[in-house]
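As you go down the protein sequences, you meet chains A and B in turn.
Read in order, the letters of the first sequence correspond to residues 956 to 1070 in the working numbering.
Read in order, the letters of the second sequence correspond to residues 332 to 450 in the working numbering.
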Amino acid sequence: EAQVTQNPRYLITVTGKKLTVTCSQNMNHEYMSWYRQDPGLGLRQIYYSMNVEVTDKGDVPEGYKVSRKEKRNFPLILESPSPNQTSLYFCASSSPGQGATIGQYFGPGTRLTVL
Amino acid sequence: AQKVTQAQTEISVVEKEDVTLDCVYETRDTTYYLFWYKQPPSGELVFLIRRNSFDEQNEISGRYSWNFQKSTSSFNFTITASQVVDSAVYFCALSDSLRFRGSQGNLIFGKGTKLSVKP
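Rendered as C-alpha cells:
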C-alpha cells in the first residue's frame, strides 16, 4: 500500500530536549516536505526536499532542521524545542514527474506538545 | 504573491441542508493545481480533489461538487444534503510551478473552514 508514515504520532516533551520526528514514504517520490498546522493559520511549510541531499527552507523554518540522506526518509529535527513549536506536523511526498501524486500523499500527522 | 483565502471561518448547518465552502486563490502562474482536503476531528488530512488550471469543468462526486471559475479565481466546494459525518475542517490549497522551480510539490493552504453539521 502506497503511504507516508510518521513517528511518533503523539509526543509530549519539555523545552530544550532534542527530538526527531521521522517520515518515510514507500513510493520512490523525489519530493518530500514538512508542514505545521496551527489553529487559525492553516498549514504552513517548514522545509522541503527535492531529492536526496537537496533541502531548502519553506515559510517557517526557524527552530527546525531536516536531512535527506535516503530517498524514502525525511526526518524533522528540533534541536531545542520551545513551547511555540507545539503543533500538529504533517509530512508529504510527491513526484514532480507524476502529476497525479501532487498533493495526494500526506502522513497521518504528529501531534507535538512542548512543555 | 500566491495566496489562498477561505473567508468562512466556521459554518453551522442542520443535517440535509446544502452548504458551499468558498475558496479564492491568487497566483501569477498559468499552470497550477487546486485542492480540497477534509480534516475530521481525528486529525488526518483526507485528500478530496485535485484540479489543474487547464480543466475548468465542474466535478461531482456523490454529494460533493466543485465549481472552478478562473474568471473569479475561485474553487468552491458544495456538499449537498449534508450529514453529521461531514463535520470537519476543510482546507483549500494551491500548488503552482513558481513556488519552487517547477516541481509543483509545495502547497499553499487556506486557513480552513470548520463545518459543523447538526442532527
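Every residue gets a Cβ at the ideal spot worked out from N, C-alpha and C, and that includes glycine.
Predicted, not measured: the structure shown is a model, and the values here were computed from it.
Rounded to whole angstroms, what is the Cα-Cα separation between residue i and residue j?
i          : j          : result
A/Asn-983  : B/Tyr-368  : 23 Å
A/Met-1005 : A/Val-969  : 32 Å
A/Gly-1013 : A/Gln-1000 : 5 Å
B/Thr-358  : B/Val-335  : 9 Å
B/Tyr-395  : B/Phe-408  : 7 Å
A/Pro-1036 : B/Glu-390  : 44 Å
A/Arg-1027 : A/Gln-958  : 11 Å
A/Leu-974  : B/Glu-346  : 44 Å
B/Asp-360  : B/Phe-366  : 16 Å
A/Thr-1068 : B/Glu-341  : 25 Å
B/Phe-385  : B/Thr-362  : 7 Å
B/Lys-401  : B/Leu-425  : 13 Å
B/Arg-382  : B/Tyr-364  : 5 Å
B/Gln-370  : A/Leu-996  : 14 Å
B/Thr-351  : B/Ile-410  : 6 Å
B/Pro-372  : A/Glu-1008 : 36 Å
B/Leu-446  : A/Lys-972  : 37 Å
A/Gln-1059 : B/Pro-450  : 31 Å
A/Gly-1011 : B/Glu-348  : Here residue 1011 of chain A turns out to be Asp, not Gly, going by the sequence shown. Using only the alpha carbons, I get a separation of about 45 Å.
A/Asn-981  : A/Gln-961  : 12 Å
List, in order along the chain, the chain A residues whose C-beta lies closer than 7 Å to that of residue i?
i         : result
B/Tyr-364 : Ile-1057 and Gly-1058
B/Ser-426 : Ile-1057 and Gly-1058
B/Gly-393 : Within chain A, no residue comes near B/Gly-393; the closest Cβ sits about 19 Å away, beyond 7 Å.
B/Lys-442 : Gly-995, Leu-996 and Gly-997
Could you name the residues of chain B that residue i contacts, counting a contact when the two beta carbons are closer than 9 Å?
i          : result
A/Tyr-1044 : Neighbours of A/Tyr-1044 on chain B: none; closest Cβ ~11 Å, over 9 Å.
For the beta strand (DSSP E) that residue i lies in, which residues bound it at each end?
i          : result
A/Thr-960  : 959–962
B/Phe-406  : 405–410
B/Asn-383  : 377–383
A/Cys-978  : 974–980
B/Asp-427  : 419–427
B/Arg-359  : Unbroken run through B/Arg-359: none, as it is neither H nor E.
A/Arg-1066 : 1065–1069
A/Ile-1032 : 1031–1033
B/Ser-343  : 341–345
B/Leu-352  : 350–352
B/Leu-446  : 444–449
A/Ile-967  : 965–968
B/Thr-336  : 334–336
Buried or exposed: where does residue i fall if 16 or more other Cβ atoms within 10 Å of its Cβ makes it buried?
i          : result
B/Lys-442  : buried
A/Gln-1040 : buried
B/Gly-433  : Confidence in B/Gly-433 is poor, its pLDDT being 47 and thus under 50, which makes the residue's placement too unreliable to answer from.
B/Asp-427  : buried
B/Ala-332  : exposed
B/Val-377  : exposed
B/Val-415  : exposed
A/Ile-967  : exposed
B/Gln-388  : exposed
A/Leu-1070 : exposed
B/Thr-403  : exposed
A/Gly-1133 : Within the shown structure, residues of chain A are numbered from 956 to 1070, placing residue 1133 of chain A beyond reach of any answer.
A/Ser-1075 : Since the first and last residues shown for chain A are 956 and 1070, residue 1075 of chain A lies out of range.
A/Tyr-986  : buried
Below 7 Å on C-beta distance, what does residue i contact in chain B?
i          : result
A/Pro-1063 : Glu-375
Using a Cβ cut-off of 8 Å, pull out every chain B residue sitting near residue i, in sequence order please.
i          : result
A/Arg-1066 : Gly-374
Starting from residue i, follow its DSSP beta bridges and name the residues at the other end.
i          : result
A/Lys-1003 : Here the sequence assigns Tyr to residue 1003 of chain A, which means Lys is not the residue at that position. Paired residue(s): A/Ser-988 and A/Asp-1011.
B/Gln-400  : B/Ser-405
A/Cys-1046 : A/Trp-989
B/Ile-391  : B/Ser-396
B/Gln-370  : B/Val-420
List the residues of chain A whose Cβ lies closer than 8 Å to the Cβ of residue i, in chain order.
i         : result
B/Lys-334 : Those do not exist, as B/Lys-334 stays about 11 Å from chain A at its closest Cβ, beyond 8 Å.
Q: With 7 Å as the C-beta to C-beta threshold (strictly closer), list the residues of the region 980–1010 of chain A near chain C in chain order.
A: Considering every chain present, this structure includes no chain C. Its protein chains are A and B.
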